[in-house]
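Contents: one structure, followed by commentary.
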DNA sequence: GCCAACGTTGGC
DNA sequence: GCCAACGTTGGC
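Residue numbers (this note's numbering): 1302 to 1466.
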């Protein structure tokens, strides 16, 4: 069972998405979306237990030209079961997941802002303050990952974005 | 519980 | 298109 969610200072995250599948423009148009289809336990634990209402989300385009942080979102609904795991024949169907104890969770995020210019991976790599960022580490594949407050502030500054909530 | 084989992610 | 790094699966 999910542990009790205590109130705590806002935390920061980076969500990866392939723009061909779901990009920042689509999020801007939709206003908000559920971040579904994550099938990795480490990411699941974050989505279910750690990522809370009003947390900040950097929207990153992976497998794209350019690879970049392209916008800002915020969590508008905390972890709840991803229904696509129960859709028979669906792409995200997991026949081993028990509806009484769902295996996969997701959150909803709301569009906040688009970067004035995409903050490219190359630009991020050139910034010493971001050297420790998980995104930039070799072999880092987690699609939902934590970002430190200092990294968050640096990224926002470089991308010309402001928190507006 | 180990680990080889396999599948996927995602930068290059 | 390649392939390194990871995660998962399944035989033993």
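Cβ atoms here follow ideal geometry from the backbone N, Cα and C, with glycine treated the same way.
*asked:* Taking 8 Å as the limit between beta carbons, can you name the residues of its chain near residue 1414, skipping five residues before and five after?
replied: 1372, 1373, 1462, 1463, 1465
*Helix, strand or coil for residue 1430, going by three-state DSSP, please let me know.*
helix
*asked:* Give me the DSSP bridge partner(s) of residue 1445.
replied: Paired residue(s): 1316.
*How is residue 1323 classed by DSSP in three states: helix, strand or coil?*
coil
*Touching or not, the segment 1435-1454 and the segment 1308-1318, by the rule of three or more beta carbon pairs under 8 Å?*
The segment 1435-1454 makes contact with the segment 1308-1318; the number of CB pairs closer than 8 Å reaches 3 or more.
_8 Å Cβ cutoff met for residue 1425 and residue 1434_ = yes
*Extent of the continuous beta strand (DSSP E) run through residue 1374*: 1369-1382
*Would you grab the beta carbon distance between residue 1350 and residue 1375 for me? Rounded to a whole angstrom, and I think it's under 8 Å.*
Not a contact, Cβ separation roughly 18 Å.
_Considering Cα atoms alone, identify which of 1404, 1378, 1377 is closest to residue 1387._
With respect to the C-alpha of residue 1387, the residue from 1404, 1378, 1377 having the closest C-alpha is 1404.
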